[in-house]
Amino acid sequence: MQKYRQQLLINGTRIEGLRDTGASVTMVTEKLVSPGQYLTGKTYTVTNADNQRKVHPMAMVTLEWGGVNGLKQVVVSSNIPVDCLLGNDLESSAWAEVELKTHAAMLGIPELVCVKTRAQCKAQGEKVELESGKMAQPTKRTGKSVGKPTATQQKKGNLSSQEEVLPSEGTEPLELEPYQVELLGPGGPSREELCKGQETCPSLEGLRQQAAEESKGKKNGTHRVYWEDGLLYTEARDPKPGATRRVVVPQLFREFILTLAHDIPLAGHLGQTKTWERLVNHFYWPNMSNMVKEFCLSCPTCQASGKTGGHPKAPLIPLPVVGVPFERVGVDIVGPLEPPTASGNMYILVVVDHATRYPEAIPLGRLLPLQ
Numbered sequence: 001m002q003k004y005r006q007q008l009l010i011n012g013t014r015i016e017g018l019r020d021t022g023a024s025v026t027m028v029t030e031k032l033v034s035p036g037q038y039l040t041g042k043t044y045t046v047t048n049a050d051n052q053r054k055v056h057p058m059a060m061v062t063l064e065w066g067g068v069n070g071l072k073q074v075v076v077s078s079n080i081p082v083d084c085l086l087g088n089d090l091e092s093s094a095w096a097e098v099e100l101k102t103h104a105a106m107l108g109i110p111e112l113v114c115v116k117t118r119a120q121c122k123a124q125g126e127k128v129e130l131e132s133g134k135m136a137q138p139t140k141r142t143g144k145s146v147g148k149p150t151a152t153q154q155k156k157g158n159l160s161s162q163e164e165v166l167p168s169e170g171t172e173p174l175e176l177e178p179y180q181v182e183l184l185g186p187g188g189p190s191r192e193e194l195c196k197g198q199e200t201c202p203s204l205e206g207l208r209q210q211a212a213e214e215s216k217g218k219k220n221g222t223h224r225v226y227w228e229d230g231l232l233y234t235e236a237r238d239p240k241p242g243a244t245r246r247v248v249v250p251q252l253f254r255e256f257i258l259t260l261a262h263d264i265p266l267a268g269h270l271g272q273t274k275t276w277e278r279l280v281n282h283f284y285w286p287n288m289s290n291m292v293k294e295f296c297l298s299c300p301t302c303q304a305s306g307k308t309g310g311h312p313k314a315p316l317i318p319l320p321v322v323g324v325p326f327e328r329v330g331v332d333i334v335g336p337l338e339p340p341t342a343s344g345n346m347y348i349l350v351v352v353d354h355a356t357r358y359p360e361a362i363p364l365g366r367l368l369p370l371q
């Protein structure tokens with residue numbers, strides 16, 4: 001998560017943004033946008049991960065990131081977990097040139113170029129000095145650097161790297177507060193609700209006792225359970241490479257997590273194994289594997305598409321030989337048939353003798369249930 005956290009300036013306010021690789025636009029919380037910066041009549045429709053669509057206003061803000069400072073059109077929202085979600089529209093350097101030109105035009109600054117060509121010098125009657133080689137030096141900024149970007153990052157403004165912008169002159173590096181985001185995403189329980197659920201859920205009593213014993217130095221089993229910042233976690237005593245600690249989930253929020261991992265459009269209604277693999281590295285609760293299996297098997301969408309599996313083939317049983325005609329018959333009804341006959345018949349009662357394969361067809365006008 002750390003590599004996706006970026007520092008930037010919006011309207012002169014230093015904030016921490018979060019790189020969202022699935023967002024096509026940059027979103028800013030409404031508290032950073034002044035009323036005069038909203039673009040009248042301009043909106044943007046955002047489709048969330050749960051396939052819900054919502055219309056948001058747009059605004060033109062001053063954005064400084066990666067050494068680039070200019071105006072940028074952003075989407076304004078009041079329901080994002082951080083002050084700014086950095087979208088894919090900032091990966092291209094094209095926005096900087098367009099937005100800076102817009103900013104210069106608004107301030108009445110003529111278009112500037114860093115190099116004057118020989119043709120421009122001749123047009124202005126100036127002497128061309130080929131030996132000069134002097135170039136305009138960039139403005140030097142003071143202050144301590146929070147992160148040192150590479151040359152490629154400075155050139156392209158790559159959002160996925162761990163680069164940081166330099167603080168303004170005379171300012172100190174920003175002291176970030178602990179990262180505060182809803183643990184289970186928008187619509188999920190808050191941190192306080194999750195803590196309360198872990199403390200009161202009856203199904204977690206054994207884990208709470210194990211955590212209490214762990215705090216006294218006792219070691220039980222291959223996994224340790226412990227409290228940290230009010231939350232209950234579990235992790236392997238000898239973790240494998242890439243293994244992470246897992247949040248213990250109380251009964252109240254398990255169905256919500258299963259829905260996120262299996263039901264929403266971006267989850268794709270995966271099977272039991274892949275849904276389990278998606279959850280097992282981040283969450284834990286007693287009897288988790290059986291609950292994942294039952295949830296996937298009971299999913300209406302998976303049942304309708306035949307993805308639940310578990311359809312055993314019926315065994316082939318030979319039918320007895322019938323020697324007497326019409327001792328055993330097969331009966332079925334065909335219809336309704338359109339258009340009906342002149343007498344109003346729309347159905348056909350079909351009777352087939354199993355011994356001789358002789359069929360009988362009886363017209364029916366309507367079907368009535370047995371009384």
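According to the UniProt record's numbering, the sequence shown is numbered sequentially starting from 1.
C-beta atoms are modelled at their ideal positions from N, C-alpha and C, and glycine is treated no differently.
query, result
"Backbone secondary structure at Glu326 - three-state DSSP", "In the sequence as displayed, the identity of residue 326 is Phe instead of Glu. Residue state, collapsed to three classes: coil."
"Option in Cys296, Lys313, Pro312 with minimal Cα separation from Ser305", "Cys296"
"Cβ separation of Cys84 and Thr40, assumed to be a contact under 8 Å, to the nearest whole Å", "Contact flag wrong, Cβ pair sits at about 23 Å."
"Counted within 10 angstroms of its Cβ, other Cβ atoms place Lys218 as buried (16 or more) or exposed", "exposed"
"Between the CA atoms of Ser289 and Ile317 - distance to the nearest angstrom", "37 Å"
"CA-to-CA distance, Pro336 to Arg19, given in whole angstroms", "60 Å"
"Inter-stretch contact at 8 Å, needing at least 3 Cβ pairs: the stretch 28 to 42 / the stretch 53 to 67", "yes"
"Own chain residues within Cβ distance below 6 Å of Glu294, not counting five before or after", "none"
"Separation of Val247 from Glu235, as counted between CA atoms", "9 Å"
"Nearest-angstrom Cβ-Cβ length linking Asp332 and Val321, presumed shorter than 8 Å", "The Cβ separation is near 22 Å, so there is no contact."
"Beta carbon of Val28 nearer than 8 Å to that of Val76", "yes"
"Limits of the beta strand (DSSP E) - the one that Asn69 falls within", "68 to 77"
"Helix, strand or coil at Ala59 [DSSP, three-state]", "strand"
"Inter-stretch contact at 8 Å, needing at least 3 Cβ pairs: the stretch 323 to 330 / the stretch 349 to 363", "yes"
"For residue 379, the three-state DSSP class (helix, strand or coil)", "Lying before the first or after the last residue shown, residue 379 is absent from the chain, which here runs from 1 to 371."
"Alpha-carbon to alpha-carbon, Tyr233 and Thr275", "21 Å"
"Arg5 versus Gly12, Thr13, Gly17, residue with shortest Cα-Cα distance", "Gly17"
"Cα-Cα separation between Val249 and Ala314, rounded to whole angstroms", "41 Å"
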